[in-house]
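Peer 1: What the sequence shown shows, in this note's numbering, is residues 681 to 851, in sequence order.
Virtual Cβ for every residue (Gly too), placed ideally from N, Cα, C.
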Amino acid sequence: MASTSIQTVPSSFTSAFSKPQLEYDVFLSFRGEDTRYKFTDHLYHALDGKKIITFRDDKELEMGKPISLELLEAIKKSRIAVIIFSENYASSTWCLEELTKIDECRDRGILTVLPIFYHVEPTDVRHQKNTFAEAFAKHEKRFEENPKKVQKWRAALTNVANLSGKRLKDG
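#1: Curious, which full-length alpha helix (DSSP H) runs of at least 4 residues does the segment 762-826 contain?
#2: For L741, which residues from the same chain have a beta carbon less than 6 Å from its beta carbon, with the 5 sequence-adjacent residues on both sides left out?
#3: Could you give the C-beta distance for A841 and V805, rounded to a whole number, given that I count them as a contact under 8 Å?
#4: Judging by CA-CA distance, which residue of R716, A754, K731 is the nearest neighbour of E703?
#5: From P795 to D728, what distance separates their C-alpha atoms?
#6: Going by other Cβ atoms of all chains shown within 10 Å of its Cβ, with 16 needed for buried, is T780 buried or exposed?
#7: Report all residues from its chain with a CB closer than 6 Å to the CB of Y769; omit the five preceding and five following residues, and keep chain order.
#8: Could you give the distance in angstroms between the alpha-carbon of W833 and the alpha-carbon of N839?
#9: So, I764 versus Y798, is the Cβ gap smaller than 8 Å?
#10: Who does L707 pair with in a DSSP beta bridge?
#11: Three-state secondary structure (DSSP) at K718?
#12: Measure the alpha-carbon distance for G851 versus T720 and round it to whole angstroms.
#13: Three-state secondary structure (DSSP) at K730?
#14: To the nearest angstrom, how far is the alpha carbon of S758 from that of Q808?
#15: Ordered along the chain, which non-local residues of its own chain (more than five positions away) have a Cβ less than 8 Å from that of I782?
#16: Between E820 and P827, what straight-line distance do the alpha-carbon atoms span, to the nearest angstrom?
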């Protein structure tokens with residue numbers, strides 16, 4: 681008679697293939713100099729007041745520093761990402777790296793994304809016109825040795841800007 685043995689799979693193995701544990705209801709992606717102490721601050725406090733667990737990066741970032749792993753992990757551990765596209769959003773490589781990770785998670789079906797067009801036209805974001813065109817012209821020069829990086833940023837920007845979102849403009 682053949683013997684049968686049952687082996688258990690280590691939890692470290694199964695957790696590597698499961699969805700990440702969600703820690704945040706909302707992840708806010710924004711250009712600090714444009715909206716940190718205005719719209720983003722009001723939005724964060726409104727969400728917090730409703731007991732919605734929200735991640736926003738409170739650190740002032742040093743130019744040229746790489747995006748932190750903590751920030752990329754927070755994106756993966758969020759239910760919803762709210763992207764606040766503003767005039768200088770695309771000038772920040774940090775914002776574009778966040779956006780690329782957000783778009784990857786959206787594409788895999790683990791993140792819902794809501795774009796907000798704050799004082800910018802959705803078509804400017806979608807088609808990289810005006811300040812978005814200027815920012816990408818600088819990125820193409822700066823990263824001429826790595827054009828795929830800029831192409832990924834452009835694709836993520838177009839993908840997310842094509843989603844249904846909210847346009848906010850004064851008067």
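Peer 2: According to the structure shown:
#1: 773-787, 802-806, 811-822
#2: For L741, the pLDDT reaches just 47, beneath the cut-off of 50, and the residue's location in the model is therefore unreliable, although a value from the coordinates is still provided. Once the five neighbours on either side are set aside, the close Cβ partners of L741 are W774.
#3: Correct: roughly 4 Å between the Cβ atoms.
#4: A754
#5: 19 Å
#6: buried
#7: Leaving aside the five residues that flank Y769 on each side, the residues in its chain whose CB is nearer than 6 Å to its CB run, in chain order, R711, C775.
#8: 10 Å
#9: yes
#10: Residue 707 is actually Phe in this sequence, not Leu. Paired residues: F735, A761.
#11: coil
#12: Confidence is the limiting factor: at G851 the pLDDT is only 39, short of 50, which leaves the residue's position unreliable, though a coordinate-based value still follows. Computed Cα separation, rounded: 19 Å.
#13: coil
#14: If you take the alpha carbons of S758 and Q808, they lie about 27 Å apart.
#15: F707, S709, I755, A761, I763, L791, V793, A836, V840
#16: 7 Å
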